[in-house]
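The block underneath contains the structure these notes are about, expressed in structure tokens.
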């Protein structure tokens, strides 16, 4: 029976929540880098790994999947989806350099939040191929939670109310012990509670994809210069 994985970036690397559909059990790995994620896929025979990181990077302008995700998350969570940096921008040595290039190329800069995840974007981009996108898919946790609950979350994930509405979904599906075990295994400096919750949202989408119930945006293929699909599943 298949194993599914949901992955989110964390201070200590990548938090990977795993569900074994044969044993009906949840486990996890805090992977130091993307190469470990790829190794996990081989070692555990992961059928689908859903990861919260942009895959497929534009040369100019905005990705259609980002625009459609924002529209689906209106009115309260749309700003959680920020424009994916240009491929050339993530190769720049500093945020200032990336901002100058991005503004010159498409008239907009790069948010600090987007710049802060560029090491993780590069980490995955260095390894992934178009063929890998058959098993490694891009997701956005807020879009996954919206699909899970039937509507976008009402509160920010940084608030007690926001954490509660997300954790209620997780605990109902996987049991509170699954989430608590991950929390107790790592200090907050390596793994934030939000990262754990987002990994479960990604896991939920991976499991939906496994049974053919996940949806993709955009409806048509959109590829970057490396041939990587610029898409998002939810």
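Residue numbers (this note's numbering): 415 to 648.
We treat Cβ as the ideally placed atom computed from N, Cα and C, and that holds for glycine.
Annotation: residue 482 to residue 631 spans about 7 angstroms, alpha carbon to alpha carbon. Sequence-distant Cβ neighbours of residue 622 in its own chain, meaning closer than 6 angstroms and more than five residues away, are 628. Less than 8 angstroms divides the Cβ of residue 429 from the Cβ of residue 609. With a cut-off of 8 angstroms on Cβ pairs, the segment 437-448 is in contact with the segment 534-545, counting three or more such pairs.
DSSP places residue 644 in no beta strand (DSSP E); its state is neither H nor E. Annotation for residue 599: the continuous alpha helix (DSSP H) segment containing it runs 590-599.
Apart from the 5 residues on each side of it in sequence, residue 503 sits with its Cβ closer than 7 angstroms to the Cβ of 512, 515, 516, 524 in its chain, given in chain order.
Spanning the alpha carbons of residue 477 and residue 590 requires a straight line of approximately 36 angstroms. The beta carbon of residue 606 lies closer than 8 angstroms to those of 424, 425 in the same chain, with the five residues before and after it left out. Here DSSP, grouped into helix, strand and coil, assigns residue 562 to helix.
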